[in-house]
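A quick write-up on the structure given underneath.
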Amino acid sequence: MALSTVTSPTQKGIVISIQTLVLSVAVAAITLFFLLSSLSTCSCPSSLQSFNDNKNVGGRPGEVDKKERISVTKEDIEWIKDQIQANGLHMQDNVLRKGINPRTRAQQLQDLIQFKGISHYEGPESGNHTALPCPGELLVEEHHSNYGEPWAGGRDVFEFLAESSHLSPNSRVLEIGCGTLRVGLHFIRYLSPEHFHCLERDELSLMAAFRYELPSQGLLHKRPLIVRGEDMDFSKFGSGVVYDLIYASAVFLHMPDKLVWVGLERLASKLKPYDGRIFVSHNIKFCSRLGGEECTKRLTSVGLEYLGKHTHDSLLFNHYEIWFGFRRSKA
Numbered sequence: 074m075a076l077s078t079v080t081s082p083t084q085k086g087i088v089i090s091i092q093t094l095v096l097s098v099a100v101a102a103i104t105l106f107f108l109l110s111s112l113s114t115c116s117c118p119s120s121l122q123s124f125n126d127n128k129n130v131g132g133r134p135g136e137v138d139k140k141e142r143i144s145v146t147k148e149d150i151e152w153i154k155d156q157i158q159a160n161g162l163h164m165q166d167n168v169l170r171k172g173i174n175p176r177t178r179a180q181q182l183q184d185l186i187q188f189k190g191i192s193h194y195e196g197p198e199s200g201n202h203t204a205l206p207c208p209g210e211l212l213v214e215e216h217h218s219n220y221g222e223p224w225a226g227g228r229d230v231f232e233f234l235a236e237s238s239h240l241s242p243n244s245r246v247l248e249i250g251c252g253t254l255r256v257g258l259h260f261i262r263y264l265s266p267e268h269f270h271c272l273e274r275d276e277l278s279l280m281a282a283f284r285y286e287l288p289s290q291g292l293l294h295k296r297p298l299i300v301r302g303e304d305m306d307f308s309k310f311g312s313g314v315v316y317d318l319i320y321a322s323a324v325f326l327h328m329p330d331k332l333v334w335v336g337l338e339r340l341a342s343k344l345k346p347y348d349g350r351i352f353v354s355h356n357i358k359f360c361s362r363l364g365g366e367e368c369t370k371r372l373t374s375v376g377l378e379y380l381g382k383h384t385h386d387s388l389l390f391n392h393y394e395i396w397f398g399f400r401r402s403k404a
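Numbering of the sequence shown is given in the numbering used here, commencing with residue 74 and proceeding in unit increments.
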């Protein structure tokens, strides 16, 4: 008598369920294969493809190598002029206008002092609600008046230096005497995190930079390396860093010539050969006082080459900056 296999209704149901499950998995796998194939042929948006093409170019995970436009174009200027004209706007006298609570800087500061800030908290815990307590003088931006010209001039300086040096966000920049970041804010915003360095000697300027400018501009995540120091001591920035741009805006004017030359000698080895730039504003009397031929010899001895004088017009007011450029003449 031959043996026969008897399958119960329950077993048949299990077999059918397993077959259905296997079929579903197979269909999902095929669908996923075709989806991945379509993505690899770039049916994705161009911006996403551009990101995928460029990521990791700089050698750091997730880093994007991009060149952003810096200066405004003629079309930008014409557009904003058209907007002003279309809205019937005209230059007005500089008078205090009505607002929700109009105050001059002096009046704002007095309010902050008299009423202990603008907080509604009372009692002994009133000072514990602010993550970064800020002096009233900084809150009313009195430090914006400490640099002899409008605060807006910082943007002009940034545009000239960044474009003259052909910077990209991955470049590294060192400012000698960044003050309260009138110029530095624009570099910090543009550059990758930790790529902006500064040596500054003035404590009050550094206080304004750390306790007001960086937090108020949302730039704490950029982690600029700003060091308090003088005598052209750059040791805290590390021995291996090489800069694409080093600049000093109206700083060398206030230094003894001997100290300026000490700084240039130390900085020459920290500048990228040939392509890197050092820019000094206003004048280079530390060099011209030696005489043309002697100055050239001194520059050559520290490994630098003079590139010439440049001027750059302001976008917003009738003013221009004078800059003198140098490069590292040998590797």
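For each residue, glycine too, the CB sits at the ideal point set by N, CA and C.
Using alpha carbons as the reference points, say which of Arg-371, His-385, Asn-243, Asp-317 lies closest to Asp-348. Asp-317
Anticipated Cβ contact below 8 Å, Arg-301 with Leu-279, distance rounded: 6 Å
With 7 Å as the threshold, decide whether the Cβ of Glu-394 is near any Cβ in chain C. Looking for chain C here will not work: only one protein chain is present.
Nearest-angstrom Cα separation, counted from Ala-323 out to Gly-221: Their Cα atoms are separated by approximately 11 Å.
Which whole-angstrom value describes the C-beta separation of Pro-242 and Leu-264, a residue pair presumed to lie in contact below a C-beta threshold of 8 Å? 6 Å
Go to Arg-176, then tell me how far its alpha helix (DSSP H) extends in each direction, as first and last residue. Element bounds for Arg-176: n/a, residue is neither H nor E.
Which of the three DSSP states is assigned to Phe-307 in this structure? Coil.
What beta strand (DSSP E) runs, 3 residues minimum, are completely inside the stretch 221-280? 246-249, 269-273
Under the rule that 16 or more other beta-carbon atoms within 10 Å means buried, what is Glu-286, buried or exposed? The residue is buried, with at least 16 neighbouring Cβ atoms inside 10 Å.
Pull up the distance between the alpha-carbon of His-383 and that of Phe-397, whole angstroms please. Cα to Cα, the separation comes out at about 6 Å.
What would DSSP say about Leu-344, mapped onto helix, strand or coil? strand
Locate the alpha helix (DSSP H) running through Asp-386, then write down its first and last residues. Element bounds for Asp-386: not the alpha helix (DSSP H) but the beta strand (DSSP E), 377-386.
Residues bridged to Gly-398 by DSSP? Phe-352, Gly-381
Which residues mark the beginning and the end of the alpha helix (DSSP H) in which Ala-404 is found? DSSP places Ala-404 outside any alpha helix (DSSP H), giving it a letter other than H or E.
Going along the chain, which residues of its own chain have a beta-carbon closer than 8 Å to the beta-carbon of Pro-266, five neighbours each way excluded? His-294, Lys-295, Arg-296
Using beta-carbon positions only, say whether Gln-181 and Val-213 come within less than 7 Å of one another. yes
I'd like the list of long-range same chain contacts for Gly-209, defined as Cβ closer than 7 Å, with 5 residues on each side in sequence excluded. Leu-182, Leu-185, Ile-186
Per-residue DSSP class, three states only, for Leu-162: Looking at Leu-162 - three-state DSSP - the assignment turns out to be coil, as it is neither helix nor strand.
Starting from the Cα of Asn-391, find the closest Cα among Gly-311, Ser-144, Ala-225 and give me that residue. Ala-225
Option in Cys-360, Ile-143, Leu-326 with minimal Cα separation from Glu-236: It is Ile-143 whose Cα lies nearest to the Cα of Glu-236.
Look at Phe-310 and Val-333 and say whether their C-beta atoms are less than 7 Å apart. no
Among the residues of its own chain, which have a CB less than 8 Å from the CB of Glu-215, if the five just before and after it don't count? For Glu-215, the CB contacts under 8 Å within the same chain, skipping 5 residues up- and downstream, are Arg-178, Leu-182 in chain order.
Need the endpoints of the beta strand (DSSP E) that Leu-298 sits in, please. 298-301
Let me check understanding here. Comparing Cα to Cα, which of Cys-368, Leu-388, Gly-365, Ala-341 lies closest to Lys-403? Ala-341
Quick one: give me the first and last residue of the alpha helix (DSSP H) that Leu-318 is part of. Taken as a continuous stretch (DSSP letters only), Leu-318 belongs to no alpha helix (DSSP H), being part of the beta strand (DSSP E) at 318-321.
Express the C-alpha separation of Arg-255 and Leu-377 in angstroms, rounding to a whole number. 28 Å
So, is His-385 buried or exposed, given that buried needs 16 or more other C-beta atoms within 10 angstroms? buried
Endpoints, alpha helix (DSSP H) assigned at Gly-209: Here the alpha helix (DSSP H) through Gly-209 covers 209-212.
Considering only residues of the same chain and omitting the five flanking positions on each side of Asn-160, which have a CB-CB separation below 8 Å? none
Compute every distance between the C-beta of Ala-204 and the non-hydrogen atoms of the ligand ATP, then say whether any falls below 6 Å. With respect to small molecules bound, the structure shown includes none, and the ligand ATP cannot be examined in it.
Report the residue from Ile-395, Gln-158, Thr-373 whose alpha carbon sits nearest the alpha carbon of Arg-401. Thr-373
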